[in-house]
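Take a look at the structure set out below.
Chains as they are written, first to last, in our numbering: chain A, 40 to 233; chain B, 844 to 1103.
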């Protein structure tokens, strides 16, 4: 398979068939937490995509030149360290240059540190033995997939907010049910690409 | 020795990242308003949200920007409001509030209508035909407010919640929790209080409970300051006008109005 088709298949898989949130169930916390409004959902996913790509770019050389082959068990610890530092950096940049986005994301921005989707992407890159360029594209695809899920779900939630819902389902319960249904619809993509 | 290399690897990565971040901080740090830090130090840090902002930090930011009044902090009360006023250079006359349960019926003054054996919470009992008491607006006495209170200010004694006014932070959680909506926040120094919430007409109320407002209007006529009015068959005191003379309490035939 030549390079371009391979990268296309990575993008397709990351966005649709292996969607981080809806098929792999990673990164549920911001998915439920920041999806109330469309614009915050969008800026959150941009931030997550940025962190994912940057984290993949940094963890690739660290893994292949520092840890491999003897100290691969340090993978989780070192990756978390790198991701935490990156998130801090992005937080500073946002606070300095795009204050409204910083305010809108609030507590969820530092929480990207513990967002398992970010760690998940970097670990999956290693597991699938992707090279540097494919890793970057895989991270980008995962980020875009996250964005798609967030934006879709923000739309669903805005509809749900206006609907007449029984008292006992109001708030989180109906959100979880809606999330399950959106996720179920993404199972339909599982047949494509293989 | 085998362990040394991985330790060094992690250590070096950590140091590099740390240095990178501190350099980034030098170039990109945003000066936080000094006033905001000072304001934040005055606030109690309970993050209860009674001020209407997202936690103490949000309130501090709003105060620094001049978008909020300094008397909104319920847990901090008067002392916090004064401290905030000093920082902001505004004079504050804060009024300490407390929660007050406007019902004197429980447990022996109100008629019981049936024996309730269900779940022992006010919310559940209120669903069962409004609860086992004859008064629709009466305290059910299962203590939902007590469980809602973060400050241990409400205790149950003889099937009736009692509010300890020194502990009450006026956060308003009990106000929201009460299924009968009979708890309200009133000024702490309010000398006269109406212990009934029943908005039905006189005869029905008379039968239901021994301490109930029958909307006779005696208090309204007795009040020289015009602070007490019968609205919706219930005596309501306007505390900004009340002079705490106690006349309303004297004339009340049902002993609903109490004066300290």
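For each residue, glycine too, the CB sits at the ideal point set by N, CA and C.
Uninterrupted alpha helix (DSSP H) stretches at least 4 residues long and entirely within the stretch 971-1012 of chain B occur at 987-991, given in chain order. In chain order, 852, 853, 856 make up the part of chain B whose C-beta sits under 8 Å from the C-beta of residue 117 of chain A. For residue 69 of chain A, the three-state secondary structure derived from DSSP is helix. Separation of residue 858 of chain B and residue 134 of chain A (C-alpha to C-alpha, rounded to the nearest whole angstrom) is 24 Å. Counting along the chain, residue 1077 of chain B sits inside the beta strand (DSSP E) bounded by residues 1077-1080.
Of the residues assessed, residue 1016 of chain B falls on the buried side of the cut-off, its CB having 16 or more other CB atoms within 10 angstroms.
Between residue 946 of chain B and residue 1040 of chain B, the C-beta spacing is below 8 Å. Contacts between residue 868 of chain B and chain A, judged by CB atoms closer than 8 Å, involve 131 in chain order. Note that the stretch 114-125 of chain A touches the stretch 158-171 of chain A; at least 3 beta-carbon pairs, one per stretch, sit closer than 8 Å. In the DSSP annotation of this structure, the continuous segment of the beta strand (DSSP E) that includes residue 1028 of chain B starts and ends at 1026-1030.
The beta carbon of residue 871 of chain B falls within 8 Å of a beta carbon belonging to chain A, placing the residue at that interface.
Its Cα nearest to that of residue 125 of chain A, the residue A/97 stands out among A/101, A/97, A/102, A/61. Looking at the DSSP output, residue 1035 of chain B bridges to B/1102.
If you draw a straight line from the Cα of residue 855 of chain B to the Cα of residue 190 of chain A, it is about 39 Å long. A straight-line Cα-Cα distance of about 32 Å links residue 903 of chain B and residue 214 of chain A.
Under the 8 Å Cβ criterion, the stretch 171-184 of chain A counts as touching the stretch 48-56 of chain A, having at least three qualifying pairs.
Near chain B, meaning a CB-to-CB distance below 8 Å, the residues of the stretch 78-105 of chain A are 101, 105.
Under the three-state reduction of DSSP output, residue 921 of chain B falls in the helix class. In the DSSP assignment, residue 1071 of chain B falls within the beta strand (DSSP E) that extends over 1071-1074. Considered as a whole, the stretch 84-146 of chain A harbours 114-136, 138-144 as its complete alpha helix (DSSP H) runs of no fewer than 4 residues, in chain order. For residue 1052 of chain B, the three-state secondary structure derived from DSSP is strand.
With respect to residue 130 of chain A, residue 148 of chain A sits close: the two C-beta atoms are nearer than 8 Å. The Cβ atoms of residue 195 of chain A and residue 61 of chain A lie no closer than 8 Å to each other. For residue 863 of chain B, the chain A residues whose Cβ falls inside 8 Å of its Cβ are 124, 128, in order along the chain. Nearest C-alpha to residue 980 of chain B among B/963, B/954, B/959: B/954. Residue 1031 of chain B is positioned such that its CB atom lies closer than 8 Å to that of residue 939 of chain B. Look at residue 107 of chain A: its C-beta is not under 8 Å from any C-beta on chain B. Between residue 1006 of chain B and residue 991 of chain B a beta carbon distance of about 12 Å is seen, past the 8 Å cut, so the two are scored as non-contacting. The beta carbons of residue 968 of chain B and residue 985 of chain B sit about 6 Å from each other, so the pair counts as a contact at 8 Å.
Shown here for residue 1010 of chain B: same chain residues with a beta carbon closer than 8 Å to its own, the five before and five after excluded, namely 994, 995, 996 in chain order. By the neighbour-count criterion, in which 16 or more other beta carbons inside 10 Å mark a residue as buried, residue 914 of chain B falls on the buried side. Boundaries of the alpha helix (DSSP H) harbouring residue 1090 of chain B: 1090-1094, taken from the DSSP string. For residue 849 of chain B, the residues of chain A that pass the 7 Å Cβ criterion are 110, 113, in the order they occur in the chain. One thing to note: residue 165 of chain A has its Cβ no nearer than 8 Å to the Cβ of residue 112 of chain A.
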